[in-house]
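Accompanying notes for the structure given below.
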Amino acid sequence: MNTNSVDFFKTQPLNPMPETKKLIVAVWKLRNPNNMGNIIRLAHNLGAAKVQFIDDNIEKRESKIRKTAGFSFDQQPWEIISEESFFSTIPDTYSLVALETCSGSENIFNNELPGRIILLGGNESHGLPARIIEKCISKVFIPMPGVCKSMNISHALSVAGFEWYRQNFHK
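Quick note: the sequence shown uses the working numbering, first residue 13, plus one each step.
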């Protein structure tokens with residue numbers, strides 16, 4: 013049995029992503045460079061337009077990001093961007109959606125995600141500040157039936173990113 017993923021996906025029919033449906037992954041003030049690398053790789057898997065790490069402190073250990081991101085490091089567009097720049101450059105055609113457990117947040121599996129979306133995740137320890145959540149068009153959470161009610165941000169973005177993909181490409 014051949015378990016090479018590159019060979020496997022050559023045989024799987026995939027619909028091309030139309031320009032009307034695009035994903036941008038954005039994350040608020042991450043501290044762990046391994047999470048950054050995982051998110052770059054995730055975005056590359058999803059065909060995301062880009063990844064934006066919102067942080068005014070641009071000092072990050074690139075070697076750790078590169079190691080975790082693998083070949084996606086050089087192939088997936090990504091940037092570290094200031095809060096001011098992020099909010100001033102959001103395209104009008106995109107909806108900003110917070111992935112956060114907060115008041116007014118809706119179950120992601122019961123919420124229709126827009127085709128052109130900026131999926132915004134929070135910091136590993138503190139999530140998103142209220143003032144940032146207020147700028148989002150909607151807020152979604154991932155239901156967790158187990159005892160543990162927290163999820164690593166790269167894992168949470170994986171669930172949310174693939175739910176967006178499922179909703180927009182597999183109806």
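No residue lacks a Cβ here, since even glycine has one placed at the ideal position from N, Cα and C.
Secondary structure of residue i, DSSP reduced to three states
i	result
residue 154	coil
residue 61	coil
residue 53	helix
residue 122	helix
residue 27	coil
residue 22	helix
residue 185	Missing from the structure shown is residue 185; the chain here goes from 13 to 183 and no further.
residue 173	helix
residue 136	coil
residue 166	helix
residue 17	helix
residue 144	helix
Straight-line Cα distance separating residue j from residue i
i	j	result
residue 186	residue 52	This structure cannot speak to residue 186, because the chain is shown only from 13 to 183.
residue 137	residue 48	15 angstroms
residue 162	residue 150	20 angstroms
residue 50	residue 78	10 angstroms
residue 29	residue 106	16 angstroms
residue 101	residue 15	42 angstroms
residue 186	residue 70	Lying outside 13 to 183, the shown extent of the chain, residue 186 is not represented and no answer is given.
residue 58	residue 174	7 angstroms
residue 146	residue 117	11 angstroms
residue 152	residue 42	19 angstroms
residue 68	residue 91	12 angstroms
residue 178	residue 66	26 angstroms
residue 113	residue 82	30 angstroms
residue 76	residue 85	11 angstroms
Where residue i falls, given that 16 or more other Cβ within 10 Å makes a residue buried
i	result
residue 56	buried
residue 133	buried
residue 168	buried
residue 54	buried
residue 80	buried
residue 122	exposed
residue 160	exposed
residue 140	buried
residue 37	buried
residue 97	exposed
residue 44	buried
Supposed contact pair residue j and residue i - C-beta distance, whole angstroms, cut 8 angstroms
i	j	result
residue 108	residue 130	5 angstroms
residue 33	residue 127	4 angstroms
residue 40	residue 144	6 angstroms
For the pair the segment 56 to 74 and the segment 145 to 156, tell me if three or more CB-CB distances fall below 8 angstroms.
no
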